[in-house]
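Undergrad: Got a structure for you, written out below as structure tokens; questions coming shortly.
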Amino acid sequence: MNLPYAVEYVMKKIMNAGGQAYLVGGALRDRLLGITVTDYDIATSLTPDQIENLFSEEKTWSGGKRFGTITVAVGGQNIEVTTFRKESLYSDSRHPDQITFVSDIFADLSRRDFTVNAMAYNPFIADGLVDPFGGRRDLEQHIIRTVGSPYERFAEDPLRIMRGIRFCAQLDFSLDEETTKAMKDCSNQLLKVSSERIRSELDKLLLSPHHHKGLMLMQETEIIGILFAVRNTITGVLTKPGRLTANGIQAMKAIEPNLSYRLAALIVILYPKDFTAQENSDAVKEIMSNLRYDNKTMRHVISLLQGYSGFSAMEVSPFTMRRLLGNMGAEDARQIIKWYNAMQNALNNDAADNPASYNDSANNDDAASNKARTASALLDEILQNNDPVLPSQLAVNGNDIHKLGIGTNDQRIIGEALKLAYQWVLEDPARNNAAYLLDRIRNHYSDNKGK
Numbered sequence: 207m208n209l210p211y212a213v214e215y216v217m218k219k220i221m222n223a224g225g226q227a228y229l230v231g232g233a234l235r236d237r238l239l240g241i242t243v244t245d246y247d248i249a250t251s252l253t254p255d256q257i258e259n260l261f262s263e264e265k266t267w268s269g270g271k272r273f274g275t276i277t278v279a280v281g282g283q284n285i286e287v288t289t290f291r292k293e294s295l296y297s298d299s300r301h302p303d304q305i306t307f308v309s310d311i312f313a314d315l316s317r318r319d320f321t322v323n324a325m326a327y328n329p330f331i332a333d334g335l336v337d338p339f340g341g342r343r344d345l346e347q348h349i350i351r352t353v354g355s356p357y358e359r360f361a362e363d364p365l366r367i368m369r370g371i372r373f374c375a376q377l378d379f380s381l382d383e384e385t386t387k388a389m390k391d392c393s394n395q396l397l398k399v400s401s402e403r404i405r406s407e408l409d410k411l412l413l414s415p416h417h418h419k420g421l422m423l424m425q426e427t428e429i430i431g432i433l434f435a436v437r438n439t440i441t442g443v444l445t446k447p448g449r450l451t452a453n454g455i456q457a458m459k460a461i462e463p464n465l466s467y468r469l470a471a472l473i474v475i476l477y478p479k480d481f482t483a484q485e486n487s488d489a490v491k492e493i494m495s496n497l498r499y500d501n502k503t504m505r506h507v508i509s510l511l512q513g514y515s516g517f518s519a520m521e522v523s524p525f526t527m528r529r530l531l532g533n534m535g536a537e538d539a540r541q542i543i544k545w546y547n548a549m550q551n552a553l554n555n556d557a558a559d560n561p562a563s564y565n566d567s568a569n570n571d572d573a574a575s576n577k578a579r580t581a582s583a584l585l586d587e588i589l590q591n592n593d594p595v596l597p598s599q600l601a602v603n604g605n606d607i608h609k610l611g612i613g614t615n616d617q618r619i620i621g622e623a624l625k626l627a628y629q630w631v632l633e634d635p636a637r638n639n640a641a642y643l644l645d646r647i648r649n650h651y652s653d654n655k656g657k
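Count along the sequence shown from 1, add 206, and you get the number used in the working numbering.
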């Protein structure tokens, strides 16, 4: 295995000083899998003070020194160098109560989360791969398995449950049976973990190439029910989401690798509701607030869900598609049409799988596909014709209406008039003519109710 110059330089310098040095962690795992690596971690028997002294001529950072980590910059590349260590109990379910530096690589590897992350490699010594827990075998078999007892590893840091599932989503791996059982048994321990840390893992999972596999594992280990439950603000009763079906997961595969898109699509599957209703939008806001999503992401997801519900209920026409474009923009509108087709097919397939609720799903699939095709064709036509779809594209503005003497006593009438003009133009873009719109507005308010 050829390593970058900076990595070999640091390792050789440590070894020349009498220390041990190994490539470890995700960098080694990914290199063995043939995945491109940019961040490298080295584990060493030297102490942080010794590393700082040894690399005194290089630029170093000591922000992680209390955990044994010194960052060394070589040729524009930062290498994290961490002293071998053992860890005590995790009272806060995140950080070890005490760290003890050791000189044994085996002791260091034994504290790690999964076997595929518990290997070490030095290209300059015989038998350079140190693999005491069978990580190489698990890589070859595409298995995620804990180092030692999964119950102990998850008690130390319950976030490892999410990390293990995220690795499956990123690498297209599977969980071994004991690890899966422990994840399910320990899933409630995730309530001890900060929402920010959980959200970070969830985001990585949703954006992974095999996110559908990760979501099924979250379903199997009952994590979905924990993260996406909603508590009634009046009764205090906790409502858990519906189940992710195989058909629903299949529909998720059609969603672009965009966080807001995949979050919204997941919520549609878990809570197939009308999101134009305030109570349902509020429930989404609660879920996302609990996971500490920022306001911008929350607004986007809720907007997408409301657009999806609106499209699901509406009759497709040039008018309704112009209105959808004005509300959502072209990119989001295209996604909503794609979701609708995928989600409706999934729901219909679920119904077909359940004879008790079977209701001619083949015809329903055709109807959904036809609606999606019609909507897509209209969207393309509207964009090609450059039809006005935004209020800002109107040929008149508030000043024009005020000059007609409308709204002089109540300026809210001006806003009302602009909404009417917008409606007329959505119905027929040819009406976006200042003379036509002002004449029609004048006639509409000829009874002087707006003056």
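Beta carbons are placed, not taken as given, at the ideal position from N, Cα and C, and that holds for glycine.
Source: prediction; values computed, not measured.
1. In whole angstroms, what separates the C-alpha of Q512 from that of T445?
2. Report the residue from L408, H416, L413 whose alpha carbon sits nearest the alpha carbon of I429.
3. State the Cα-Cα distance for the pair M368 and G269, rounded to the nearest angstrom.
4. Identify which residue in M520, I493, E622, V522 has its Cα closest to the Cα of I508.
5. Under the rule that 16 or more other beta-carbon atoms within 10 Å means buried, what is T242, buried or exposed?
6. Let's test the definition: count the other Cβ atoms within 10 Å of the Cβ of Q395 and tell me whether it reaches 16, buried, or not, exposed.
7. What does DSSP give as the partner residues of Y246 in its beta bridges?
8. To which residues does DSSP link W267 through a beta bridge?
9. With DSSP as the reference, identify every bridge partner of A326, one or two as the case may be.
10. Any chance the region 573-580 sits against the region 470-478, with 3 or more Cβ pairs inside 8 Å?
11. Can you check whether the CB of I248 is closer than 8 Å to the CB of V280?
12. Look at the alpha carbon of Y228 and the alpha carbon of N464, and state the distance between them as a whole number of angstroms.
13. When DSSP builds the beta bridges, which residues end up paired with I350?
14. Please return the same chain residues whose Cβ sits closer than 7 Å to the Cβ of R449, not counting the five positions on each side in sequence.
15. Would you tell me roughly how many angstroms separate the C-alpha atoms of E293 and R359, rounded to the nearest one?
16. Per DSSP, K292 forms a beta bridge with which residues?
17. For A562 and I543, what's the separation of their Cα atoms in angstroms?
18. Quick check on R372: does DSSP put it in helix, strand or coil?
19. Identify which residue in E402, M549, C392, L531 has its Cα closest to the Cα of A470.
20. Throw me the rounded Cβ distance for the P364 and K398 pair, which I believe falls under 8 Å.
21. Measuring CB to CB, does L643 end up less than 8 Å from V595?
22. Under the assumption that R405 contacts L497 (Cβ atoms under 8 Å), give the Cβ distance between them as a whole number of angstroms.
23. Quick one: what does DSSP say L444 is sitting in, helix, strand or coil?
24. In the DSSP assignment, what residue or residues form a beta bridge with F525?
25. Are the CB atoms of P356 and E383 within a distance shorter than 8 Å?
26. Comparing alpha-carbon positions, which option in G232, V216, R235, A233 lies nearest Q226?
27. A539: buried (16+ other C-beta within 10 angstroms of its C-beta) or exposed?
28. Identify every residue that forms a DSSP beta bridge with R437.
29. Rounded to the nearest angstrom, what separates I349 and L381 at their Cα positions?
TA: Checking against the coordinates, here is how it stands:
1. Locating residue 512 in the sequence shown gives position 306, counting from the first residue. Locating residue 445 in the sequence shown gives position 239, counting from the first residue. Their Cα atoms are separated by approximately 21 Å.
2. What you label residue 429 is simply residue 223 of the sequence shown in a count that begins at 1. Looking at the Cα atoms, L408 is the closest of the given residues.
3. As a working mapping, residue 368 is identified with position 162 in the sequence shown. As a working mapping, residue 269 is identified with position 63 in the sequence shown. M368 and G269: Cα-Cα distance of roughly 26 Å.
4. Residue mapping note: residue 508 aligns to position 302 of the sequence shown, counting from 1. Ranking the options by Cα distance to I508, first place goes to I493.
5. Residue mapping note: residue 242 aligns to position 36 of the sequence shown, counting from 1. The residue is exposed, with fewer than 16 neighbouring Cβ atoms inside 10 Å.
6. Numbered from 1 along the sequence shown, position 189 holds the residue referred to as residue 395. It is buried - the Cβ of Q395 has at least 16 other Cβ atoms within 10 Å.
7. On the sequence shown, residue 246 is found 40 positions in, with the first residue counted as 1. Y246 is bridged to I285.
8. Numbered from its first residue, the sequence shown carries residue 267 at position 61. Paired residue(s): T277.
9. Here residue 326 corresponds to residue number 120 of the sequence shown, with the count starting at 1. Note: A326 sits in a beta bridge opposite V230, V336.
10. no
11. Along the sequence shown, read from residue 1 onward, the residue named residue 280 stands at position 74. Along the sequence shown, read from residue 1 onward, the residue named residue 248 stands at position 42. No, Cβ-Cβ distance for V280 and I248 is not below 8 Å.
12. The sequence position of residue 228 within the sequence shown is 22, counting from 1. The sequence position of residue 464 within the sequence shown is 258, counting from 1. Between Y228 and N464, the C-alpha separation is close to 36 Å.
13. One-based indexing of the sequence shown puts residue 350 at position 144. Note: I350 sits in a beta bridge opposite L381.
14. On the sequence shown, residue 449 is found 243 positions in, with the first residue counted as 1. Correct list, in chain order: Q425.
15. One-based indexing of the sequence shown puts residue 293 at position 87. One-based indexing of the sequence shown puts residue 359 at position 153. Whole-angstrom Cα-Cα distance: 12 Å.
16. The sequence position of residue 292 within the sequence shown is 86, counting from 1. Paired residues: T306.
17. Position 356 of the sequence shown, counting from 1, holds the residue named residue 562. Position 337 of the sequence shown, counting from 1, holds the residue named residue 543. Confidence in A562 is poor, its pLDDT being 49 and thus under 50, which makes the residue's placement unreliable; the coordinate value appears in the next sentence. Cα to Cα, A562 sits roughly 29 Å from I543.
18. For the purposes of this step, residue 372 is identified with residue 166 of the sequence shown, where counting begins at 1. Correct three-state label for R372: helix.
19. One-based indexing of the sequence shown puts residue 470 at position 264. Residue M549 is the option with its Cα nearest to A470.
20. Position 158 of the sequence shown holds residue 364. Position 192 of the sequence shown holds residue 398. Their Cβ separation, rounded to whole angstroms, is 6 Å, which keeps P364 and K398 in contact under 8 Å.
21. Sequence index remark: in the sequence shown, residue 643 carries index 437 (1-based). Sequence index remark: in the sequence shown, residue 595 carries index 389 (1-based). For L643 and V595, no; Cβs fall outside 8 Å.
22. Reading the sequence shown from its first residue, position 199 is the one you call residue 405. Reading the sequence shown from its first residue, position 291 is the one you call residue 497. Yes, they are in contact, since the Cβ atoms of R405 and L497 sit about 5 Å apart, within 8 Å.
23. Locating residue 444 in the sequence shown gives position 238, where the first residue counts as 1. Three-state DSSP puts L444 in a strand.
24. In the sequence shown, the residue the question calls residue 525 occupies position 319. Looking at the DSSP assignment, F525 forms no beta bridge with any residue, so it has no partner.
25. To locate residue 383, count along the sequence shown from 1; it is residue 177. To locate residue 356, count along the sequence shown from 1; it is residue 150. Not closer than 8 Å, so no.
26. By one-based count along the sequence shown, residue 226 stands at place 20. Per the Cα distances, V216.
27. What you label residue 539 is simply residue 333 of the sequence shown in a count that begins at 1. Label assigned to A539: buried.
28. Locating residue 437 in the sequence shown gives position 231, counting from the first residue. R437 pairs with L444.
29. Here residue 349 refers to the residue found at position 143 when the sequence shown is read from its first residue. Here residue 381 refers to the residue found at position 175 when the sequence shown is read from its first residue. Those two C-alpha atoms are separated by around 6 Å.
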